[in-house]
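Number of protein chains: 2
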Amino acid sequence: MSSPSSLDELIEALRALPSVGPKSAQRMAYHLLQRDQRGAGRLARALAHALEVLRHCERCNTFSETDICQRCANPQRDHSLLCVVEMPADLAMMEQTQLYNGLYYVLMGRLSPLDGIGPRELRLDKLLARASDGAVKEVILATNFTNEGEATAHVIAELLAARGVRVSRLSRGVPVGGELEHTDSGTIAQALVERRAL
Amino acid sequence: MSSPSSLDELIEALRALPSVGPKSAQRMAYHLLQRDQRGAGRLARALAHALEVLRHCERCNTFSETDICQRCANPQRDHSLLCVVEMPADLAMMEQTQLYNGLYYVLMGRLSPLDGIGPRELRLDKLLARASDGAVKEVILATNFTNEGEATAHVIAELLAARGVRVSRLSRGVPVGGELEHTDSGTIAQALVERRAL
Ligand SMILES: [Zn+2]
Ligand SMILES: [Zn+2]
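If you read the protein sequences in the order shown, they are chains V and A. For the first sequence, full-length UniProt numbering assigns the number 1 to the initial residue and increments by one for each residue that follows. For the second sequence, full-length UniProt numbering assigns the number 1 to the initial residue and increments by one for each residue that follows.
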């Protein structure tokens, strides 16, 4: 007597999306099935395809369709610089400054003790191994200037310093409490130039 | 040099969801790929499956996995009463009152001239044919008490009256401007009992 199971299952599955509650999921399901079946089909295929082909680059940890991403494999980039960011969106913002030609390491998150994300969950061992490859001369910490981002930078700086790696941090040109993703690239460029040694 | 095409395509595809902009789609994609691959796989499958098996019930127009839904095929329901609602969620609210044992017709929308949705787009001809099957003795209009819902009820009432069909409207126990989906079932029950002839 209730709704068809395939509809219920779709509504339930939509709740995997961040900040989508039951009402919102229901509205999305109706919209996709009623108003945009073409978009819905495209979404189903894109999701299945992305799950199938995307993995993490062995060197920089960002999403990639190959074991080593194009950027890491590019000999034109300066392999002696490694910039650590939280998410791929932050990497994109760094690239927009057009001032940085080194490589990246994408944490895919940040330390967040309240959410149970410590150094182990963030796989900082992978970053430490990457930064110790012999080619890297300086690690530039470009995590967000939020509390969690600052704490993450602090922990990484200590771990790298203990291994004798030179570490720097973007200058505070980025507003305190701000996120890279929402900062203009001019400000980020300035912060890059004025990065301070740690 | 930019992000992998499968990731870009997923982010673009997520924008088919209602009120999801570029930033939001990006956040959703990262979440699904990074934090909830299982949920992402489930969503891809649920979406593909729903698109494949769901159609509209030939009689009541709601989502169904069969040509005629379970409710319309149920001989225990009163086939002389036809309740017209906007969306499946409204039907669910009517059912929760446990006061109604008739059948339904789900418009899958409402008249909305500003969005270009007139009687033709809403397929009111299908409702008129359904209400004229000989078994239906009364059509109960249970569209929302919003401006668009009231206008929809008004137009349907005129069309049905011209065909000699008895029409009633839920009483105004539902708060003016309110939507059924967000009304408690007790209020809806009262509105059902006090429905007025049109
Ligand atoms: Zn890479
Ligand atoms: Zn039906």
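All C-beta atoms, glycine included, are put in the ideal place defined by N, C-alpha and C. Remember, predicted model here, so these are calculated numbers, not experimental data.
Using a Cβ-Cβ cut-off of 8 Å, state whether V/Leu14 counts as contacting chain B. Note that chain B does not occur in the displayed structure, where the protein chains are V and A.
Mind checking A/Asn144: buried by the 16 CB within 10 Å criterion, or exposed? buried
Looking at C-alpha atoms only, which residue of A/Glu158, A/Val139 and A/Arg163 is the closest neighbour of A/Arg169? A/Val139
What did DSSP end up calling V/Leu122 once you bin it into helix, strand or coil? coil
Here's a check: name, in chain order, each residue in its chain whose Cβ is nearer than 6 Å to the Cβ of V/Asn101, leaving out the five neighbours to either side. Arg77 and Asp78
Once you ignore the five residues that flank A/Glu65 on each side, which residues in its own chain have a CB closer than 7 Å to its CB? Val53 and Leu54
Which partner residues of V/Cys83 appear in the DSSP bridge assignment? Answer is V/Tyr104 and V/Ile140, bridged to V/Cys83.
With a cut-off of 5 Å, give the chain-ordered residues whose Cβ is closer than this to any heavy atom of ligand 1. V/Cys57, V/Arg59, V/Cys60, V/Cys69 and V/Cys72
So, do the stretch 3-13 of chain V and the stretch 9-19 of chain A have three or more beta carbon pairs nearer to each other than 8 Å? no
Is A/Ala25 closer than 8 Å to A/Leu14 when the C-beta atoms are compared? The Cβ atoms of A/Leu14 and A/Ala25 lie closer than 8 Å to each other.
Using a Cβ-Cβ distance cut-off of 8 Å, determine whether V/Pro18 contacts chain A. yes
Within 8 Å, strictly: CB atoms of A/Ser185 and A/Thr62: no
How long is the line joining the alpha carbons of V/Leu141 and A/Ala89, rounded to whole angstroms? 49 Å
Would you decide whether V/Arg27 is buried or exposed? Buried here means 16 or more other CB atoms lie within 10 Å of its CB. buried
Top-ranked residue by Cα proximity to V/Cys60, from V/Leu103, V/His31 and V/Thr183: Measuring from the Cα of V/Cys60, the nearest candidate turns out to be V/Leu103.
Span separating the alpha-carbon of A/Pro75 from that of A/Glu150: Rounded to whole angstroms, A/Pro75 to A/Glu150 spans 31 Å at the Cα level.
So is the beta-carbon of V/Ser3 under 7 Å away from any non-hydrogen atom of ligand 2? no
Residue from A/Ala50, A/His49 and A/Val165 with nearest C-alpha to A/Gly134: A/Val165
DSSP three-state call for V/Ser112: helix, strand or coil? Under the three-state reduction of DSSP, V/Ser112 is assigned to strand.
Sequence ranges, beta strand (DSSP E) only - wholly within the stretch 23-98 of chain A, length at least 3: Complete beta strand (DSSP E) runs here, min 3: 78-85.
Chain-ordered neighbours of V/Leu107 on chain A, where CB pairs are closer than 9 Å: Going along chain A, no residue has its Cβ under 9 Å from V/Leu107, so there is no contact; the nearest lies around 11 Å.
What is the DSSP secondary structure of A/Arg130, counted as helix, strand or coil? helix
Strand pairing of V/Val167, partner residues [DSSP]: Under DSSP, V/Val167 takes part in a beta bridge, and its partners are V/Val139.
Please name the residues in the stretch 27-39 of chain V whose beta-carbon is closer than 9 Å to at least one beta-carbon of chain A, in chain order. Within the stretch 27-39 of chain V, the qualifying residues are Arg27, Met28, Ala29, Tyr30, His31, Leu32, Leu33, Gln34, Arg35, Asp36, Gln37, Arg38 and Gly39.
Does V/Met1 get closer than 8 Å to chain A when you measure Cβ to Cβ? With a pLDDT of 44 at V/Met1, under the threshold of 50, the predicted position of this residue should be treated as unreliable, and no value is reported.
In chain order, what residues of the same chain lie with their CB nearer than 6 Å to the CB of V/Thr152, ignoring the 5 residues before and after it? Arg110, Leu111 and Thr143
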